[in-house]
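In the working numbering, the protein residues as written are 1118 to 1392. Where a beta carbon is used, it is the ideal one built from N, C-alpha and C, also for glycine. Owing to the predicted nature of the structure, the values given are computational and were not obtained by experimental measurement. Everything on this sheet refers to the single structure shown next.
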Ligand SMILES: [Zn+2]
């Protein structure tokens, strides 16, 4: 899949490979804010190769450098491309708990992927990267005349989540707190915290929401994610696990027929069963 752009305005675009495979960065979104003389990228894909491809598209549009990269969490499909921009002078912002998980996990994940011939070329140049600026609670970021409220919504999708609200543009980048048309990965989630975080997003006067995966939408995207968590939890609760078969997998596929990323369902089922 080629890199596709959705232009929300002159100042904001969302880029994605679509799809749901690792080679497509699991369909994650990279959100780009164009300021005057400064560009802010939120979540620069799963590999430096893809970050470079994004950078090449940006170079054709705007001579301004990527000055800031914000990582919404430590999962590689959002974070591993950061090293590419860091090597070119960008400040990389993350939550301390995301930085810790990157330090713990990324080297091993890169090593495994370099041995997989299908994706090895994407990870040849990948290196674990330590963010240059840590935000534990909140940061008021100004870049090229654009203002951002970068905040930690609590432990929701992962312990080290950050959301990015572009205050003057009314655009909220939620990271994987919201996925649209994709099953969410619950392997590091706190489901109660996630629900509370989604409810707290209602208090932000955003007009446009960019989810971690799937097309940008409006305020309804938060309500849909809350309904998803409720329905997925009830679906799993109504199923049984027997040796060699888990009814929950097919029940979830039936409940959400068009959703991508079924690869995350075992972790999701496990998380709900342990609640
Ligand atoms: Zn994630």
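- DSSP places residue 1165 within a helical segment (H, G or I) once states are collapsed to three.
- As computed with DSSP, residue 1377 is found in a beta bridge with 1299.
- Under DSSP, residue 1325 shares a beta bridge with 1288.
- In this structure, residue 1302 has its CB closer than 6 Å to one or more heavy atoms of ligand 1.
- If you check the CB distance, residue 1216 and residue 1174 do not come in under 7 Å.
- A buried status is given to residue 1388, since no fewer than 16 other beta-carbon atoms sit within 10 Å of its beta-carbon.
- Counted as a single uninterrupted DSSP element, the stretch harbouring residue 1223 is not any beta strand (DSSP E) but the alpha helix (DSSP H) occupying residues 1213 to 1231.
- Residue burial is scored here from C-beta neighbours: residue 1219 has at least 16 other C-beta atoms within 10 angstroms and is therefore classed as buried.
- Residue 1194: not part of any beta strand (DSSP E); member of the alpha helix (DSSP H) spanning 1193 to 1196, first to last residue.
- Of the residues assessed, residue 1221 falls on the exposed side of the cut-off, its CB having fewer than 16 other CB atoms within 10 angstroms.
- Boundaries of the beta strand (DSSP E) harbouring residue 1126: 1121 to 1126, taken from the DSSP string.
- Per DSSP, the continuous beta strand (DSSP E) segment holding residue 1264 begins and ends at 1263 to 1268.
- For residue 1223, the CB stays at least 6 Å from every heavy atom of ligand 1.
- Apart from sequence neighbours up to five positions away, the residues of its chain that approach residue 1369 with a beta-carbon distance below 6 Å are 1352 and 1382, ordered along the chain.
- Within the same chain, 1131, 1159, 1290 and 1327 come within 6 Å of residue 1148 by CB-CB distance, once the 5 residues on both sides are set aside.
- Annotation for residue 1293 indicates a beta carbon within 6 Å of some heavy atom of ligand 1.
- For residue 1258, no alpha helix (DSSP H) encloses it; the enclosing beta strand (DSSP E) starts and ends at 1255 to 1260.
- With contacts defined by Cβ atoms closer than 7 Å, residue 1286 and residue 1128 form a contacting pair.
- In this structure, the alpha-carbon of residue 1236 lies about 26 Å from that of residue 1176.
- Contact check for residue 1282 against residue 1321 passes: the beta carbons are separated by less than 7 Å.
- Counting along the chain, no beta strand (DSSP E) covers residue 1308; the unbroken alpha helix (DSSP H) around it starts and ends at 1308 to 1318.
- The DSSP-derived three-state label of residue 1345 is helix.
- In the three-state reduction of the DSSP assignment, residue 1153 falls in the coil class.
- Annotation for residue 1143: no beta strand (DSSP E) segment contains it, and DSSP assigns it neither H nor E.
- According to the DSSP assignment, residue 1130 belongs to the beta strand (DSSP E) that extends over 1129 to 1133.
- Residue range 1183 to 1187 is occupied by the beta strand (DSSP E) that includes residue 1184.
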